[in-house]
Amino acid sequence: MDTVGFTTVMARVPSPVTVVTTYGSDGTPYGFTAGSFCSASLEPPLVLVCLDKGASTHPAFSTARRFLVNVLGRGQQHVARRFAASGVDRFAAGDMRPMELGLPGLPEASARIACSLHSVLDAGDHTALLGRVEQAFTGDRTPLVHVDRFFHRPAPESRSRPPMQERAFPLIYAERVGATAEFYELLGFTRQRQNPPEGDPAYIALRRGPAELAVVRADWPHTRYGVPPGPGPRFEMFVLVDDLDVTLKQLADAKVPLLRAPADLPWGERVAYVADPDGNPVAVACAIHS
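Under the working numbering, the residue at position 21 of the sequence shown is numbered 54, and the numbers go up by one with no gaps.
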């Protein structure tokens, strides 16, 4: 089996999105985004996570006494990307706090699974870490799923895709298509498709429940119709979220500019305004709970 064929077929297998953390012997935190994670045994309770032998974190995890699996949820794609990146301080954002067994964890994770290291197994170019579950946490956030090289979130079976004649969604003209798509991923959208599939994207389609939008290159109107975009902000979006304060904290951690501080409005919404990567205003709001 050739490598390309193997990775292509395995990309069709949905997998949870997890960030695994531990402390080194000197107290330094380590973490990585795991490509594979699953349960291994009920009695005793064991889980398995795999780590590339060439990873900079491999020595710390292969000798660690404990590790914590953070199962990421809706709007946390940026955490997965950061812990998969090389040459960056993965803990610089400050969103990891001491959690189960005192290990660095994400407070708003969909779930956390704290393990003692049961055994280390050889798995070709990877090492399989078998952990005995010592503590666990289950949150309310909808978990993320990674399939076909994109992040998704499970949708209820009763929610069907609207017929083509009932669909309407905005096209957002962006100077940096990828950065703008990542901004909306912070607000709970997930990527559905991208063109081209690899490299610098010219088009990214996103979905959050029944809502859809597409981010396209700023020169799209000119190249297709000979009409340049108008000056100044070209759109304003209004996005409802579950918890405005939590969302604003995530946006601030991602260095998203705040245009107007949260304010309670008389019709029962709490609204703040932020700027997307092109400087366009985006209203972020939640219902005021009495």
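Glycine is no exception: its CB is placed at the ideal position from the N, C-alpha and C atoms.
### Message
Tell me the rounded alpha-carbon separation between L79 and T51.
### Response
On the sequence shown, position 46 is the one that residue 79 refers to. On the sequence shown, position 18 is the one that residue 51 refers to. Rounded to whole angstroms, L79 to T51 spans 16 Å at the Cα level.
### Task
Can you have a look at S191 and say buried or exposed, based on whether 16 or more other CB atoms are within 10 angstroms of its CB?
Your numbering for residue 191 matches position 158 in the sequence shown. The predicted position of S191 is uncertain, since its pLDDT is 49 and thus under 50; no value can be drawn from it.
### Query
Under 7 Å, do F377 and T66 count as touching if we go by C-beta distance?
In the structure as shown, the chain starts at 34 and stops at 323, and residue 377 therefore has no counterpart that could be examined.
### Task
Check whether the region 105 to 113 touches the region 51 to 60, taking contact to mean three or more Cβ pairs, one atom from each stretch, closer than 8 Å.
yes
### Query
What separation, rounded to the nearest whole angstrom, lies between the Cα atoms of H179 and V104?
If you number the sequence shown from 1, residue 179 lands on position 146. If you number the sequence shown from 1, residue 104 lands on position 71. Going by the C-alpha atoms only, they are around 12 Å apart.
### Query
Are there 16 or more other CB atoms within 10 angstroms of the CB of C71, so buried, or fewer, so exposed?
Residue 71 sits at position 38 when you count from the first residue of the sequence shown. Exposed, because fewer than 16 other Cβ atoms sit within 10 Å of the Cβ of C71.
### Rounded separation between F94 and S74 - CA only
As a position in the sequence shown, residue 94 is number 61, starting the count at 1. As a position in the sequence shown, residue 74 is number 41, starting the count at 1. Their backbone Cα atoms lie some 21 Å apart in a straight line.
### Query
Taking the C-alpha atoms as reference points, what is the distance between A235 and R224?
For this step, residue 235 is matched to residue 202 along the sequence shown. For this step, residue 224 is matched to residue 191 along the sequence shown. Roughly 14 Å between the two C-alpha positions.
### Task
On the DSSP bridge assignment, give the partners of F268 in chain order.
Within the sequence shown, residue 268 is the residue found at index 235, counting from 1. DSSP, once it has assigned bridges, lists no residue as partnering F268.
### Task
Counting only the same chain and skipping the five closest in sequence on each side, list residues whose C-beta sits under 6 Å from that of P47.
Position 14 of the sequence shown, counted from the first residue, corresponds to residue 47. Hits under 6 Å: V178 and V180.
### Message
If we require 3 or more residues per run, which beta strand (DSSP E) segments fall completely within the region 144 to 228?
### Response
144 to 156, 159 to 171, 178 to 180, 183 to 185, 204 to 207 and 223 to 228
### Message
Taking the alpha carbon of R240 as the reference point, which residue from A118, G301 and F202 has its own alpha carbon closest?
### Response
Position 207 of the sequence shown, counting from 1, holds the residue named residue 240. The shortest C-alpha separation from R240 is found at F202.
### N313, buried or exposed, once every other Cβ within 10 Å from all chains shown has been counted against 16
Residue mapping note: residue 313 aligns to position 280 of the sequence shown, counting from 1. Per the 10 Å Cβ criterion, buried.
### Message
Tell me whether the region 202 to 216 and the region 241 to 254 touch, counting them as touching only if at least three CB pairs, one residue from each stretch, are closer than 8 Å.
### Response
yes
### Message
I'd like to check one pair, L101 with L163: are the Cβ atoms closer than 7 Å?
### Response
The sequence position of residue 163 within the sequence shown is 130, counting from 1. The sequence position of residue 101 within the sequence shown is 68, counting from 1. No, Cβ-Cβ distance for L163 and L101 is not below 7 Å.
### Query
Excluding five sequence neighbours on each side, which residues of the same chain lie with their C-beta closer than 8 Å to the C-beta of E269?
Against the sequence shown, residue 269 aligns to sequence position 236. Within the same chain, E269 has close Cβ partners N313, P314, V315 and A316.
#### Entry: Nearest-angstrom Cα separation, counted from E302 out to L291
If you number the sequence shown from 1, residue 291 lands on position 258. If you number the sequence shown from 1, residue 302 lands on position 269. Rounded to whole angstroms, L291 to E302 spans 18 Å at the Cα level.
### Query
Taking Cβ positions, are G106 and S143 nearer each other than 7 Å?
Looking up residue 106 in the sequence shown gives position 73. Looking up residue 143 in the sequence shown gives position 110. At a Cβ-Cβ threshold of 7 Å, G106 and S143 count as neighbours.
### Task
Report the residue from A214, P254, V153 and V210 whose alpha carbon sits nearest the alpha carbon of R165.
In the sequence shown, residue 165 corresponds to position 132, counting from 1. Cα-wise, what sits closest to R165 is V153.
### Message
Applying the 10 Å Cβ sphere with the 16-neighbour rule, what's the burial state of P43?
### Response
Here residue 43 is taken as the residue at index 10 of the sequence shown, counted from 1. It should be noted that the sequence gives Met, not Pro, for residue 43. Exposed is the call here.
### Task
Answer with buried or exposed for A260, where buried requires no fewer than 16 other C-beta atoms within 10 angstroms of its C-beta.
Counting from 1 along the sequence shown, the entry for residue 260 is found at position 227. Looking at the sequence provided, one finds Val at residue 260 rather than Ala. Exposed, because fewer than 16 other Cβ atoms sit within 10 Å of the Cβ of V260.
### DSSP state of G38 mapped onto helix, strand, coil
Residue 38 sits at position 5 when you count from the first residue of the sequence shown. Three-state DSSP puts G38 in a helix.
### Message
I'd like to check one pair, A318 with V307: are the Cβ atoms closer than 7 Å?
### Response
Here residue 307 is taken as the residue at index 274 of the sequence shown, counted from 1. Here residue 318 is taken as the residue at index 285 of the sequence shown, counted from 1. Not in contact: V307 and A318 (Cβ atoms no closer than 7 Å).
### Task
Below 7 Å CB to CB, which residues in the same chain sit around G138 once its five sequence neighbours on both sides are set aside?
Position 105 of the sequence shown holds residue 138. Only T54, L101, N103, M129, R130, M132 and R145 meet the Cβ criterion.
### For S323, the three-state DSSP class (helix, strand or coil)
Sequence index remark: in the sequence shown, residue 323 carries index 290 (1-based). Unreliable placement is indicated for S323, whose pLDDT of 49 sits below 50; the coordinate value is still reported in the next sentence. In the structure shown, S323 sits in coil (DSSP, three-state: anything other than H, G, I, E or B).
### Message
Please return the same chain residues whose Cβ sits closer than 7 Å to the Cβ of P77, not counting the five positions on each side in sequence.
### Response
To locate residue 77, count along the sequence shown from 1; it is residue 44. Cβ neighbours of P77 beyond the five flanking positions: R165.
### Task
Compute the beta-carbon to beta-carbon distance between V295 and L281, rounded to the nearest angstrom, for a pair I have assumed lies under 8 Å.
Here residue 295 corresponds to residue number 262 of the sequence shown, with the count starting at 1. Here residue 281 corresponds to residue number 248 of the sequence shown, with the count starting at 1. Here residue 295 turns out to be Pro, not Val, going by the sequence shown. Rounded, the Cβ-Cβ distance is 7 Å, consistent with contact.
### Task
Output the boundary residues of the alpha helix (DSSP H) element that contains V104.
For this step, residue 104 is matched to residue 71 along the sequence shown. Where V104 is concerned, there is no enclosing alpha helix (DSSP H), although the beta strand (DSSP E) it sits in stretches over R99 to V104.
### Task
Apply the 10 Å Cβ neighbour rule to G221 and answer buried if 16 or more other Cβ atoms are within range, or exposed otherwise.
The sequence position of residue 221 within the sequence shown is 188, counting from 1. Counting C-beta atoms within 10 angstroms of its own C-beta, G221 has 16 or more neighbours from the protein chains shown and is therefore classed as buried.
### Task
Report back the beta-carbon spacing between A147 and A118 to the nearest angstrom; my notes put them in contact at under 8 Å.
Within the sequence shown, the letter at position 114 stands for residue 147. Within the sequence shown, the letter at position 85 stands for residue 118. At roughly 25 Å, the Cβ-Cβ gap does not stay under 8 Å, so A147 and A118 are not in contact.
### Task
Using beta-carbon positions only, say whether L84 and T160 come within less than 7 Å of one another.
Here residue 84 refers to the residue found at position 51 when the sequence shown is read from its first residue. Here residue 160 refers to the residue found at position 127 when the sequence shown is read from its first residue. Yes, they are a contact pair.
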